[in-house]
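Presented below is the structure to which this report refers.
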Amino acid sequence: MKVVINGCWGGFGLSEAAKRELEKAGVVAEQRFSRHDPRLVEVVERLGDAANTRHSRLVVVDLKDETTYFITEYDGSESLWTPKTAPWITVPSAKRELEPTPTLKGGELPEEDE
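For the sequence shown, the residue numbers in this note's numbering are 6 to 119.
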């Protein structure tokens, strides 16, 4: 599966040429659509830089066999995460005993496991 994200500061945006091509393919560019819509992917791949606005640089990310993703954004630049790449934190079950936190002595850092 392929997904389109914005790879620069500014925000996701489609050029007028990309919007026209999407509308020819049956996608109303002004409405909400999926970033993995094959018609969007095809238009961005075919138009290349012509699909961008002056504030966007659209990138097609190939997730291969992944089917689950989410997109995060910071100042318009987007990152794509999957269950394999997301920085998940696993919290121990309440039934299991938590390991004690190392005690610091005089500003010393605890030794790290190798």
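C-beta: ideal position from N, C-alpha, C; glycine also.
- A residue is called buried when at least 16 other Cβ atoms come within 10 angstroms of its Cβ; I94 does not meet this threshold and is exposed.
- Counting only the Cα atoms, T77 lies some 15 angstroms from K89.
- Only buried fits R40, as 16 or more other CB atoms lie within 10 angstroms of its CB.
- Taking each of R37, H60, W86 in turn and checking the Cα distance to G16, the smallest one comes out for H60.
- Beta-carbon to beta-carbon, Y74 and V9 are separated by about 11 angstroms, too far to satisfy the 8 angstroms threshold.
- The DSSP-derived three-state label of E47 is helix.
- Under DSSP, W86 takes part in a beta bridge, and its partners are F75.
- The beta carbon of G12 sits closer than 6 angstroms to the beta carbons of R62, V64 from its chain, once the five residues preceding and following it are set aside; these are given in chain order.
- By the criterion of a C-beta distance shorter than 8 angstroms, A22 is surrounded in its chain by L52, A55, A56, once the five residues flanking it on both sides are discounted.
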